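J.: I'd like to ask some things about the structure below.
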Amino acid sequence: MINATPDSFSDGGSLYRSGGLDIDLAMGRARDMVAAGAAILDIGGESTRPGAAPVSPAQEMDRVLPLVERVAAELDVVISVDTSTPQLMTEAAALGAGLLNDVRALTREGALEAAAATGLPVCLMHMRGEPGSMQRNPHYEDVVAEVGAYLQERVAACTAHGLGRQRLLLDPGFGFGKTVAHNLQLLRGLPRLAELG
């Protein structure tokens, strides 16, 4: 994961200098990851940490697209773009992205159509709520069944829009709108979720 954000929970905005993303520093991180054996680099420009504020599509694209372009030109690695923004999906695919990773499972207006048009595989994640509020008292009767039902519904929506099942990856969204107990239940329930295909 390369976080092109100033407020990432995993790296604390370590790739930012003078108020902006340092592309050369980010490329150094990308090279190190590929040298260590990474087959996929996931690049994101909107923090989805608990409590994160949303960013505009233009700001997200300004953060992500220059890095996607450089990585595609200089490294032999699959580029995954972590986004829910339809225009970014389209533009990143044109620059060489090989995978879309959407924490909102293509629920934003236009996302299904944009993702389908790229021809790329898509990772659909379960998240209850939005990053700013998702950890405020999340409740489930049966977290494994509810996450599974949500992912099945999203798969059906995708296939109805021309995204074949073979292009879809499913992510139960550990830590996204879930307590530690929910995460442990999901971990124990992975065999049930695997039955989704």
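When we follow this note's numbering, the leftmost residue of the sequence shown carries the number 306, and every step to the right adds one. Glycine included, C-beta positions come from ideal geometry on N, C-alpha and C. Here the structure is a predicted model, which is why all the values come from computation and not from measurement.
1) Can you list, in chain order, the stretches of the beta strand (DSSP E) that have 3 or more residues and sit fully within the region 388-473?
2) Please confirm whether residue 365 and residue 400 have their CB atoms less than 8 Å apart.
3) If you follow the beta strand (DSSP E) that residue 329 is in, where does it begin and where does it stop?
4) Residues in the same chain with beta-carbon distance under 8 Å from residue 513, minus the five sequence neighbours each way, listed in chain order, please.
5) Confirm, please, whether the CB-CB distance from residue 454 to residue 423 is below 8 Å.
6) Residue 491 by DSSP, collapsed to three states: which one?
7) Would residue 460 pass as a contact of residue 491 if the rule is Cβ separation under 8 Å?
8) Going by beta carbon distance, what residues of the same chain come within less than 6 Å of residue 479, once the five residues before and after it are set aside?
9) Assuming residue 368 and residue 350 make a contact with CB atoms under 8 Å, what is their CB distance in whole Å?
10) Do you know whose CA, among 458, 359 and 477, lies nearest residue 497's CA?
11) Which residues in the same chain have their Cβ closer than 8 Å to the Cβ of residue 443, if we skip the five residues on either side of it in sequence?
12) Which residue or residues does DSSP assign as beta-bridge partners of residue 385?
13) Give me the Cα-Cα distance between residue 248 and residue 462, rounded to the nearest whole angstrom.
14) Residue 441 to residue 386, Cα distance in whole Å?
15) Could you check how far apart the C-beta atoms of residue 436 and residue 413 are, in whole angstroms? I think they sit under 8 Å.
16) If you reduce the DSSP assignment to three classes, tell me which class residue 475 lands in.
T.: Short version:
1) Listed in chain order, the complete beta strand (DSSP E) runs (minimum 3 residues) inside the region 388-473 are 404-407 and 427-430.
2) No, these two residues do not count as a Cβ contact at 8 Å.
3) Segment 328-340 is the alpha helix (DSSP H) holding residue 329; no beta strand (DSSP E) there.
4) This structure does not reach residue 513, given that the chain is present from 306 up to 502, and the question cannot be answered.
5) With contacts defined as CB atoms closer than 8 Å, residue 423 and residue 454 fail to qualify as a contacting pair.
6) If DSSP states are grouped into helix, strand and coil, residue 491 belongs with the helices.
7) Not closer than 8 Å, so no.
8) The residues 488, in chain order, have a CB closer than 6 Å to that of residue 479 in the same chain once the five nearest residues on each side in sequence are set aside.
9) Rounded, the Cβ-Cβ distance is 3 Å, consistent with contact.
10) Ranking 458, 359 and 477 by Cα distance to residue 497 puts 477 first.
11) Around residue 443: 433, 434, 482, 483, 484 and 487.
12) Residue 385 is bridged by DSSP to 347 and 404.
13) Nothing can be reported for residue 248, as the shown portion of the chain is limited to 306 through 502.
14) Spanning the two alpha carbons is a distance of roughly 27 Å.
15) Wrong, their Cβ atoms sit about 14 Å apart, outside the cutoff.
16) Strand at residue 475.
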